[in-house]
Amino acid sequence: MGLFSKFKAGLAKTHSKLVHEIKRIVTRSPKLTGDSLEELEAALIAADLGMAVTQQIVAAVKQAYESQGTTGHDVFAIARTEVEKNLSSNNPDLLKAPSGPTVVSIVGVNGTGKTTTAAKLAHLIQSQKKTVLLAACDTFRAAAIEQLKLWGARLKVEVIAGAYGADPASVAHDAVTAAQARKADYLFIDTAGRLHTKHNLMQELQKLHRVIGKQLPGAPHEVLLVLDGSTGMNALNQAREFHKAVPLTGLIVTKLDGTSKGGMVVAIQKELGLPIKFIGLGEQPDDLQPFDAKQFAQALFEE
Ligand SMILES: Nc1nc2c(ncn2[C@@H]2O[C@H](COP(=O)(O)OP(=O)(O)OP(=O)(O)O)[C@@H](O)[C@H]2O)c(=O)[nH]1
Ligand SMILES: [Mg+2]
Numbered sequence: 091m092g093l094f095s096k097f098k099a100g101l102a103k104t105h106s107k108l109v110h111e112i113k114r115i116v117t118r119s120p121k122l123t124g125d126s127l128e129e130l131e132a133a134l135i136a137a138d139l140g141m142a143v144t145q146q147i148v149a150a151v152k153q154a155y156e157s158q159g160t161t162g163h164d165v166f167a168i169a170r171t172e173v174e175k176n177l178s179s180n181n182p183d184l185l186k187a188p189s190g191p192t193v194v195s196i197v198g199v200n201g202t203g204k205t206t207t208a209a210k211l212a213h214l215i216q217s218q219k220k221t222v223l224l225a226a227c228d229t230f231r232a233a234a235i236e237q238l239k240l241w242g243a244r245l246k247v248e249v250i251a252g253a254y255g256a257d258p259a260s261v262a263h264d265a266v267t268a269a270q271a272r273k274a275d276y277l278f279i280d281t282a283g284r285l286h287t288k289h290n291l292m293q294e295l296q297k298l299h300r301v302i303g304k305q306l307p308g309a310p311h312e313v314l315l316v317l318d319g320s321t322g323m324n325a326l327n328q329a330r331e332f333h334k335a336v337p338l339t340g341l342i343v344t345k346l347d348g349t350s351k352g353g354m355v356v357a358i359q360k361e362l363g364l365p366i367k368f369i370g371l372g373e374q375p376d377d378l379q380p381f382d383a384k385q386f387a388q389a390l391f392e393e
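For what it's worth, the numbering used here labels the leading residue of the sequence shown as 91, then goes sequentially.
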């Protein structure tokens with residue numbers, strides 16, 4: 091499947107709801123009266139595009155109608171253009187350290203998809219013929235280490251792990267040592283789920299980053315926050331709080347395949363200005379896509 095087909099398939103729920111709603115609105119009232127503009131606004135908000143972007147789209151539709159008279163088709167094109175505009179500053183490329191392993195710390199609240207995403211990233215790097223290691227730094231949740239080891243066995247990626255209850259920072263330290271010894275290109279660190287409101291757990295994460303930063307200057311080179319796409323605007327708060335505690339370099343939004351609120355990606359990028367690096371569109375290793383603004387906008391609003 092090509093990249094765009096994957097975007098389209100993964101975002102099908104959001105797409106079909108949006109397109110269905112917009113068609114219903116413009117078919118019933120092709121002239122887009124005040125009432126139908128309000129309905130358009132409601133449909134965009136329901137897809138979690140956020141107030142700012144929604145109002146931008148509605149204003150652009152209104153303006154187009156006033157200046158040239160608009161048809162249903164134009165609404166889709168206008169929405170696409172506006173969404174793309176809001177995402178255009180986004181740079182999804184993973185950083186590469188100038189020398190030595192690039193260390194990527196994967197953080198987020200419980201259950202957002204961190205472990206699965208770490209495995210998917212390892213798979214992606216492998217497919218680029220680069221070498222990769224995984225670090226099992228969730229030493230807290232039962233079965234978390236086995237979960238990552240299973241992924242490692244499935245993908246044939248080495249997993250550096252410690253014992254349950256071990257200090258995650260010491261496991262991370264071991265993993266960096268291993269990554270340096272193996273001359274690995276990338277090391278992905280799977281961390282335990284933690285609530286952004288739990289001060290001691292955020293300190294634990296700061297310590298982990300501090301320890302590997304001393305060991306390997308520049309590490310972690312990327313700190314990626316994994317957000318569950320179906321949690322809607324609550325994700326914004328999570329991102330703000332994590333960013334305060336451990337400066338983030340980017341975001342990954344998962345589970346977009348299971349929600350009709352995929353517009354939250356646009357709202358989040360607009361609000362936070364942090365790059366969306368990848369989106370998760372399923373549970374398989376291949377279901378992680380580097381974020382592409384143009385294709386994302388198209389996948390949401392293609393008629
Ligand atoms: N449909 C779908 N499911 C996903 C995606 N990403 C992760 N999942 C599923 O979400 C569930 C939780 O994923 P994990 O990777 O264990 O989440 P986690 O953040 O590591 O969880 P904790 O370590 O407990 O905090 C699993 O069943 C995954 O298969 C996605 O993009 N789409
Ligand atoms: Mg996990």
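Ideal Cβ placement from N, Cα and C applies to all residues, glycine included.
In its chain, beyond the 5 residues on either side, L134, E172, V173, N176, G353, V356, A357, K360 have a beta carbon closer than 8 Å to the beta carbon of V143.
Between L378 and L341, the gap from beta carbon to beta carbon reaches 8 Å or more. About 13 Å separates the beta carbon of T192 from that of R272, a gap too long to meet the 8 Å contact definition. The Cβ atoms of K152 and L185 do not sit closer than 8 Å to each other. The Cβ neighbour count for D183, taken over all protein chains shown within 10 Å, is under 16; the residue is labelled exposed. Every unbroken stretch of the beta strand (DSSP E) spanning 3 or more residues and falling wholly within the region 192-238 is given here in chain order: 192-197, 222-227. For L390, DSSP assigns no beta-bridge partner whatsoever. A Cβ-Cβ separation of about 16 Å leaves K107 out of contact with L371 under the 8 Å criterion. Within its own chain, the residues whose Cβ lies closer than 8 Å to the Cβ of A226, once the five positions on either side in sequence are excluded, are A234, I235, L238, K239, V249, I250, A251, G252, V261, D280, listed in chain order. Here L285 is exposed. Its C-beta has fewer than 16 other C-beta atoms within 10 Å. Positions of the alpha helix (DSSP H) runs, each at least 4 residues long and wholly inside the region 282-341, are given as 289-305, 324-335 in order along the chain. C-alpha of A282 to C-alpha of T202: approximately 11 Å in a straight line. When the beta-carbon positions are compared, A256 and L223 stay at least 8 Å from each other. Under the three-state reduction of DSSP, T349 is assigned to coil, being neither helix nor strand.
Beta-bridge pairing by DSSP links E248 to L223. No Cβ-Cβ contact shorter than 8 Å links T117 with S350.
Counting every other CB atom within 10 Å of its CB across the protein chains shown gives Y276 a total of 16 or more, marking it as buried. For L364, there is no enclosing alpha helix (DSSP H), since its DSSP letter is neither H nor E. By the Cβ neighbour-count rule, P380 is exposed, with fewer than 16 other Cβ atoms within 10 Å of its own. Judged by DSSP secondary structure, P380 falls within the beta strand (DSSP E) whose first and last residues are 378-380. At least one heavy atom of ligand 1 lies closer than 7 Å to the C-beta of N200.
Contact between I147 and A169 holds: CB atoms are separated by about 5 Å, below the 8 Å threshold. Relative to ligand 1, R300 has its C-beta separated by 7 Å or more from all heavy atoms. With respect to L317, V343 sits close: the two C-beta atoms are nearer than 8 Å. Taking C-beta atoms as the reference points, L298 and P258 count as a pair closer than 8 Å. Looking from the CA of S179, the closest CA among Q388, V109, K367, V266 belongs to K367.
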